[in-house]
Ligand code: FRU
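In the numbering used here, the protein residues as written are 88 to 588.
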């Protein structure tokens with residue numbers, strides 16, 4: 088049954104659990120044509136509680152089918168965030184009768200021990216599945232990584248490190264990332280730590296992801312560390328910073344170029360909007376595909392537990408492809424919607440070479456539902472002016488975002504976007520992402536799905552993701568300039584995303 092709340096708020100193509108509370112994406116892997124997504128889940132309430140791993144599956148990264156709960160809390164604790172790998176060579180020995188084991192590596196959070204004031208209440212455990220991730224058996228000798236008396240000691244992200252022929256784990260502690268290696272996913276050896284004196288430290292480091300990535304259009308490969316932190320994000324609350332460097336099998340060294348970037352800006356963020364947290368990448372994507380696929384939690388701990396949905400709380404971002412690019416002597420991780428979305432584009436509006444000044448309505452008439460759409464805009468002839476996209480409804484609620492070529496930043500302003508009463512932290516600031524030089528032309532890709540917008544500037548060079556809660560659906564999208572400067576709308580493509588809902 089579609090409830091009024093679902094109708095107004097539940098996204099069309101972003102994953103949401105049917106009921107209950109969800110936070111971080113966990114344990115994503117690809118196998119036999121299916122993308123698996125697990126997630127921090129509390130089925131009994133719409134706020135955070137004893138953590139389980141929920142589960143969803145997709146064949147196309149656009150439509151998701153929720154599955155039975157994968158992991159339940161037990162005597163060792165709640166099941167916090169972690170990862171999963173396909174153990175093709177059965178290094179773990181969990182495989183039986185030729186069945187390949189999938190091994191999940193997660194944090195046990197012992198709430199009782201925490202209450203008693205102990206500090207070693209987080210340990211790492213493993214579980215395996217012999218039926219492609221549907222059912223799981225926890226390892227009898229858990230935990231596989233005991234707590235070395237560190238209070239925040241969690242969120243193991245394991246990859247197969249092809250170059251150094253080892254399982255490699257990145258683990259977050261309060262102010263740094265620790266690396267461990269293993270031959271069998273059961274015995275872990277400490278390698279090194281990273282980051283104590285680098286990047287942002289205004290909160291707790293959580294949910295790392297560490298992997299090699301080719302620098303686009305070169306033969307060079309660099310290692311990338313995604314490192315979520317809460318709070319500390321440049322626009323408030325939870326966010327994900329990253330680091331680029333080299334890894335010798337034991338230690339991660341920051342790249343010189345990237346170090347210079349950190350000297351200019353304390354941290355580099357994967358997403359400058361306030362709602363993309365704890366994101367990590369899929370394992371076991373076939374080499375023939377070769378993409379680095381990412382998904383994040385589209386919320387922020389500053390208000391996640393009070394947003395105005397009752398049946399369920401939170402969605403994921405759309406899956407994105409990450410690329411590492413080097414230009415103007417800077418490393419940048421770009422994010423773009425996965426190209427699977429192209430197969431779901433149905434109706435289209437296309438326009439070309441229109442000059443506008445002041446206002447221009449991007450979506451005319453009611454033949455496209457803006458609440459499940461992807462909008463691609465190319466603008467040129469931009470001046471030192473403010474270019475504002477406005478998503479609005481008949482109640483005059485509006486979400487504003489765009490390009491400020493005067494103060495040199497992209498922005499999102501949700502201060503008039505509808506229901507704000509649930510938290511005074513939700514719309515207390517205008518989110519901004521600075522740039523260095525006036526933009527004379529720009530490409531913008533905008534993904535709209537009822538209660539969220541994901542904005543990808545210049546092929547995902549800068550990304551801003553935010554949620555909002557209008558009290559009636561948004562219907563219109565326009566663009567306006569402040570000083571009536573003549574702007575060329577080079578192309579406009581509005582695509583409707585086909586969903587079953
Ligand atoms: C991040 C996080 C993780 C932890 C999980 C608990 O949002 O705090 O560090 O494993 O959520 O649900």
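Where a beta carbon is used, it is the ideal one built from N, C-alpha and C, also for glycine.
Since the structure is predicted, the reported quantities are computational estimates derived from the model, not experimental observations.
Straight-line CA distance for residue 588 to residue 450?
Low confidence applies to residue 588: its pLDDT is 44, below 50, so where it sits in the model is not reliable enough to give any reading.
Does the separation of the CB atoms of residue 574 and residue 468 fall below 7 angstroms?
Contact flag set, yes.
Is the distance from the Cβ of residue 499 to the Cβ of residue 518 below 7 angstroms?
Between residue 499 and residue 518, the gap from beta carbon to beta carbon is short of 7 angstroms.
How far does the beta strand (DSSP E) with residue 368 in it extend, from its first residue to its last?
Where residue 368 is concerned, the enclosing beta strand (DSSP E) stretches over 364-368.
Can you list the beta strand (DSSP E) stretches of 3 or more residues lying completely in the region 207-294, in chain order?
209-216, 240-248, 253-260, 264-269 and 276-281
Contact defined as beta carbons within less than 8 angstroms: I believe residue 122 pairs with residue 158. What is the distance between those atoms, to the nearest angstrom?
At roughly 18 angstroms, the Cβ-Cβ gap does not stay under 8 angstroms, so residue 122 and residue 158 are not in contact.
Is residue 167 near the ligand FRU - that is, is its Cβ less than 6 angstroms away from at least one heavy atom of it?
yes
Is residue 417 near the ligand FRU, with its Cβ less than 6 angstroms from a heavy atom?
No heavy atom of the ligand FRU is found nearer than 6 angstroms to the CB of residue 417.
Applying the 10 Å Cβ sphere with the 16-neighbour rule, what's the burial state of residue 338?
exposed
Can residue 532 and residue 463 be called in contact, C-beta distance under 7 angstroms?
yes
Beta-carbon separation of residue 241 and residue 209 under 7 angstroms?
yes
From what residue to what residue does the beta strand (DSSP E) around residue 153 run?
152-158
Cβ of residue 529 within 7 angstroms of Cβ of residue 486?
no
I need the boundaries of the alpha helix (DSSP H) containing residue 350, first residue and last residue.
Judged by DSSP secondary structure, residue 350 falls within the alpha helix (DSSP H) whose first and last residues are 343-351.
Going by beta carbon distance, what residues of the same chain come within less than 6 angstroms of residue 331, once the five residues before and after it are set aside?
309, 311, 342, 345 and 418
In angstroms with no decimal places, state the Cα-to-Cα distance between residue 392 and residue 306.
Here the alpha carbon of residue 392 sits roughly 45 angstroms from the alpha carbon of residue 306.
With DSSP as the reference, please indicate the residues paired to residue 196 in a beta bridge.
According to DSSP, residue pairing for residue 196 in a beta bridge involves 165 and 209.
For residue 233, which residues of its own chain have a beta-carbon under 6 angstroms away from its beta-carbon, when the five flanking residues on both sides are left out?
The beta carbon of residue 233 sits closer than 6 angstroms to the beta carbons of 210 from its chain, once the five residues preceding and following it are set aside; these are given in chain order.
Please classify residue 263 as buried or exposed, where buried requires at least 16 neighbouring CB atoms within 10 angstroms.
Burial call: buried.
Residue 405 bridges to which residues according to DSSP?
Beta-bridge pairing links residue 405 to no other residue.
Please state the DSSP three-state secondary structure of residue 548.
coil
What does the Cβ neighbour count give for residue 112, buried or exposed, with the cut at 16 atoms within 10 Å?
buried
Might you give, ordered along the chain, the residues of its own chain that have their beta carbon closer than 6 angstroms to the beta carbon of residue 93, omitting 5 neighbours on each side?
none
May I ask you to report which of helix, strand or coil DSSP gives residue 514?
coil
Does the region 408-425 come close enough to the region 125-139 that 3 or more CB-CB pairs lie under 8 angstroms?
Output reads no: the region 408-425 does not touch the region 125-139.
Just tell me which of 454, 304 and 385 has its CA closest to the CA of residue 541.
385
For the ligand FRU, is there a heavy atom less than 6 angstroms away from the beta-carbon of residue 138?
yes
How big is the Cα-Cα spacing for residue 221 and residue 376?
24 angstroms
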